[in-house]
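All letters in the sequence shown, in the order written, are residues 2 to 81 by our numbering.
For glycine and all other residues, C-beta sits at the position ideal for the given N, C-alpha and C.
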Amino acid sequence: TTKIAMGGISYASAVDIAPQRRVDLAIKYIAQAISARSHSNERQFEENLAQELILAANNSQESRAVKRKDEIERIAVSAR
2 TTKIAMGGIS YASAVDIAPQ RRVDLAIKYI AQAISARSHS NERQFEENLA QELILAANNS
62 QESRAVKRKD EIERIAVSAR
């Protein structure tokens with residue numbers, strides 16, 4: 002989605018993005034999820050990295066990165 006402003010009102014609009022941008026966003030969401038997991042529990046960073054990658058590969062709703070992706074897609078669908 003992208004924000005469009007018209008007459009002082011901004012709204013989200015669904016747009017297609019380049020394949021490289023999709024990869025960049027996926028890596029960003031995974032990195033943010035790993036960082037959030039590392040701050041919220043006492044497990045090692047490496048363990049959180051492995052767990053998040055496994056959950057994301059399985060497209061599990063327990064993955065914070067997958068939840069973020071699904072939220073963005075839901076917003077994009079509602080903006081059409």
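Residue range of the beta strand (DSSP E) that includes residue i
i: residue 5; result: 3-7
i: residue 64; result: Note, residue 64: premise wrong, no beta strand (DSSP E); not H, not E.
Range of the contiguous alpha helix (DSSP H) that encloses residue i
i: residue 32; result: 20-41
Residue from the options with nearest C-alpha to residue i
i: residue 57; options: 5, 17, 28, 4; result: 28
Reduced DSSP secondary structure (H/G/I, E/B, other) of residue i
i: residue 13; result: strand
i: residue 75; result: helix
i: residue 45; result: coil
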